[in-house]
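In full-length UniProt numbering, the protein residues as written are 1 to 665. Notes for the one structure printed next.
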């Protein structure tokens with residue numbers, strides 16, 4: 001379609017093309033349009049400049065992050081689009097001008113009292129008699145007029161038919177007692193009549209607010225002030241009164257103060273001499289220009305409403321996707337929990353099956369022995385019976401050995417007798433499953449809540465010349481902690497408003513345990529190094545999970561030592577004497593044996609997975625030179641540090657040692 005041949009707002013002009021000429025951010029016509037790598041177009045200034053950040057820009061249409069090398073200046077301009085917009089604006093200005101010329105416009109000077117002069121113009125105007133073009137096209141013109149005399153008497157000098165039709169009209173004109181002007185003439189076309197009107201009679205139809213633009217008001221989400229929108233004007237019809245009912249002259253002037261059409265005699269009246277009057281053409285041009293401007297503003301407002309509606313629908317889709325992701329997350333969590341339950345069920349049943357097979361084997365062996373003893377005893381009994389039937393010499397010769405065999409068989413049979421208590425032994429002792437506690441936990445399952453404020457074990461916190469070890473008290477069982485955030489600053493940094501932040505992963509999924517010690521004996525330690533010597537620091541800790549952040553912990557003040565202040569000997573780890581296994585590592589350190597008991601120095605083994613920056617787990621060595629950690633992941637690197645502390649809060653750290661567990665065979 002040739003846009004240059006269309007007036008903006010014409011009924012044939014596609015609304016989609018009009019939307020394509022507007023920036024999706026400022027909702028105005030493109031100004032210096034540039035094309036993004038994702039093929040969408042934006043205004044260069046200020047829309048694109050506000051979205052550009054470090055050679056990246058996120059398209060507001062497709063939400064794609066686009067990398068731009070060379071800055072915004074390297075993006076190409078869309079010159080063809082600028083030309084189309086310029087043609088659109090040119091045709092728009094032409095449409096405003098053509099709306100004020102000729103009697104073929106929807107709102108013409110003829111309606112205001114004769115198309116070009118006198119009362120003779122009635123038959124040529126749109127609102128004239130049945131012989132004009134209006135009668136052929138079927139466009140109904142609405143015109144009302146009235147006159148007021150000096151003493152307040154007013155009346156219409158029209159024919160009876162016109163008077164009766166005017167009485168039935170739903171629109172009434174109001175005039176003050178001092179006014180001597182006719183009511184303003186209004187022309188409104190019905191939508192169904194417009195569709196039947198020849199195109200050459202609708203040059204300014206693009207600016208009609210109630211015809212072609214009526215489709216823009218059909219929005220599902222209508223504001224409150226549009227709910228009472230009166231559309232009855234589409235069906236209103238008035239007679240055209242183009243002559244003064246008082247003087248019988250054609251209306252040739254328009255009073256700007258009274259907003260009425262008047263004749264020359266009325267214009268010379270004393271009470272309107274001071275009023276500003278214009279010719280009908282000039283007044284019509286001013287009125288139509290104002291209508292055109294208001295319609296353009298209304299169309300722009302409607303476009304903004306449509307954009308807002310589109311944004312609301314997109315927001316609704318995003319909300320649905322968000323809830324779908326939440327549903328998928330809940331399904332995944334429940335499936336994971338059910339998978340753990342099924343895994344435990346399989347472990348318990350497999351253990352029972354193994355125990356049953358073992359017991360079956362033992363009983364089968366006993367039954368086999370019993371059957372052999374019984375068979376031997378029965379054979380011996382039959383042989384003895386047959387021997388007794390032989391001669392005396394044979395019996396005397398065989399009887400000594402036979403008696404010995406009979407006695408032995410009797411003893412074997414006596415040994416095979418089972419006590420009643422042995423028939424029902426408790427083979428499953430120690431294999432009782434009671435899940436009442438877990439069922440209570442399942443009943444208490446609810447949405448995740450932010451964790452409580454973390455607590456620091458001040459009695460165990462320690463420091464040296466450049467490091468601080470903060471011992472965190474484990475959270476209660478109902479809290480889930482994903483990360484710990486530690487904020488700290490020195491006194492000088494506090495005065496300058498500077499704060500440093502370190503984030504540690506909790507690593508709660510690492511089910512690590514130590515030989516002979518449970519998880520409860522483990523503690524979490526945050527090591528902060530590269531600090532200044534002999535400096536006062538302030539520390540504050542928060543915990544976080546996917547539900548939110550916890551309140552801040554109490555602020556802890558700690559002063560680092562100088563190199564000469566520390567009296568704690570530095571511990572060491574002998575890597576050559578350490579041993580790695582598939583799921584465990586044995587660490588050897590001679591430091592607990594190198595200190596005297598009266599020094600009251602405690603040693604802790606700190607370890608964590610090297611794959612992520614998490615909190616250190618600590619285990620008290622309790623004077624042992626070696627310690628073996630169980631429950632480690634195969635083929636995983638782990639860091640180890642030995643920390644020695646005294647009751648004064650001073651500490652020394654060994655060099656960090658990295659050991660890797662072995663591969664599963």
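We treat Cβ as the ideally placed atom computed from N, Cα and C, and that holds for glycine.
Whose CA, out of the options, lies closest to the CA of residue i?
{"i": "residue 690", "options": "618, 252, 390 and 490", "result": "This structure cannot speak to residue 690, because the chain is shown only from 1 to 665."}
{"i": "residue 601", "options": "80, 389 and 571", "result": "571"}
{"i": "residue 341", "options": "435, 36, 532 and 97", "result": "435"}
{"i": "residue 643", "options": "659, 619, 665 and 661", "result": "619"}
{"i": "residue 582", "options": "638, 448, 247 and 553", "result": "638"}
{"i": "residue 43", "options": "73, 662, 67 and 17", "result": "73"}
{"i": "residue 563", "options": "535, 356, 549 and 544", "result": "535"}
{"i": "residue 495", "options": "537, 469, 531 and 529", "result": "537"}
{"i": "residue 568", "options": "354, 464, 478 and 404", "result": "464"}
{"i": "residue 462", "options": "297, 561, 98 and 290", "result": "561"}
{"i": "residue 606", "options": "633, 590, 623 and 654", "result": "654"}
{"i": "residue 614", "options": "526, 545, 487 and 548", "result": "526"}
{"i": "residue 489", "options": "248, 445, 478 and 541", "result": "541"}
{"i": "residue 371", "options": "302, 337 and 412", "result": "412"}
Got a sec, what are the start and stop residues for the beta strand (DSSP E) residue i sits in?
{"i": "residue 67", "result": "65-67"}
{"i": "residue 500", "result": "500-505"}
{"i": "residue 470", "result": "468-473"}
{"i": "residue 538", "result": "536-545"}
{"i": "residue 32", "result": "Careful: residue 32 lies outside any beta strand (DSSP E) and carries neither H nor E."}
{"i": "residue 75", "result": "Premise fails: residue 75 is in no beta strand (DSSP E) and is neither H nor E."}
{"i": "residue 524", "result": "523-528"}
{"i": "residue 629", "result": "626-630"}
{"i": "residue 585", "result": "584-588"}
{"i": "residue 558", "result": "556-559"}
{"i": "residue 658", "result": "657-660"}
{"i": "residue 42", "result": "41-43"}
Measure the alpha-carbon distance for residue i versus residue j and round it to whole angstroms.
{"i": "residue 627", "j": "residue 592", "result": "12 Å"}
{"i": "residue 451", "j": "residue 348", "result": "34 Å"}
{"i": "residue 35", "j": "residue 19", "result": "16 Å"}
{"i": "residue 652", "j": "residue 580", "result": "25 Å"}
{"i": "residue 69", "j": "residue 57", "result": "11 Å"}
{"i": "residue 597", "j": "residue 608", "result": "29 Å"}
{"i": "residue 402", "j": "residue 396", "result": "10 Å"}
{"i": "residue 416", "j": "residue 365", "result": "13 Å"}
{"i": "residue 539", "j": "residue 484", "result": "13 Å"}
{"i": "residue 491", "j": "residue 585", "result": "42 Å"}
{"i": "residue 667", "j": "residue 363", "result": "Absent from the structure is residue 667, since the part of the chain shown begins at 1 and ends at 665."}
{"i": "residue 473", "j": "residue 324", "result": "37 Å"}
{"i": "residue 350", "j": "residue 60", "result": "57 Å"}
{"i": "residue 146", "j": "residue 244", "result": "Confidence in residue 146 is poor, its pLDDT being 37 and thus under 50, which makes the residue's placement too unreliable to answer from."}
{"i": "residue 456", "j": "residue 523", "result": "11 Å"}
{"i": "residue 528", "j": "residue 466", "result": "8 Å"}
{"i": "residue 357", "j": "residue 631", "result": "29 Å"}
{"i": "residue 658", "j": "residue 636", "result": "10 Å"}
{"i": "residue 309", "j": "residue 297", "result": "18 Å"}
{"i": "residue 28", "j": "residue 37", "result": "22 Å"}
{"i": "residue 343", "j": "residue 334", "result": "14 Å"}
{"i": "residue 62", "j": "residue 276", "result": "56 Å"}
{"i": "residue 406", "j": "residue 390", "result": "18 Å"}
{"i": "residue 647", "j": "residue 641", "result": "20 Å"}
{"i": "residue 52", "j": "residue 499", "result": "29 Å"}
{"i": "residue 80", "j": "residue 86", "result": "10 Å"}
{"i": "residue 314", "j": "residue 551", "result": "35 Å"}
{"i": "residue 301", "j": "residue 294", "result": "10 Å"}
{"i": "residue 249", "j": "residue 84", "result": "50 Å"}
{"i": "residue 378", "j": "residue 398", "result": "18 Å"}
Ends of the alpha helix (DSSP H) at residue i?
{"i": "residue 415", "result": "392-415"}
{"i": "residue 79", "result": "79-98"}
{"i": "residue 256", "result": "It is not in any alpha helix (DSSP H) - residue 256 carries neither H nor E in the DSSP assignment."}
{"i": "residue 443", "result": "436-443"}
{"i": "residue 496", "result": "491-496"}
Quick check: is any heavy atom of the ligand HEM less than 7 Å from the C-beta of residue i?
{"i": "residue 94", "result": "What this structure holds is no ligand at all, so the ligand HEM is not there to describe."}
Residues bridged to residue i by DSSP?
{"i": "residue 725", "result": "No answer is possible for residue 725: it lies beyond the span of the chain, which begins at 1 and ends at 665."}
{"i": "residue 373", "result": "Residue 373 pairs with nothing; no bridge assigned."}
{"i": "residue 463", "result": "468 and 650"}
{"i": "residue 58", "result": "65"}
{"i": "residue 574", "result": "None; residue 574 has no bridge partner."}
{"i": "residue 620", "result": "604"}
{"i": "residue 548", "result": "545"}
If we require 4 or more residues per run, which alpha helix (DSSP H) segments fall completely within the region 260-347? 264-267
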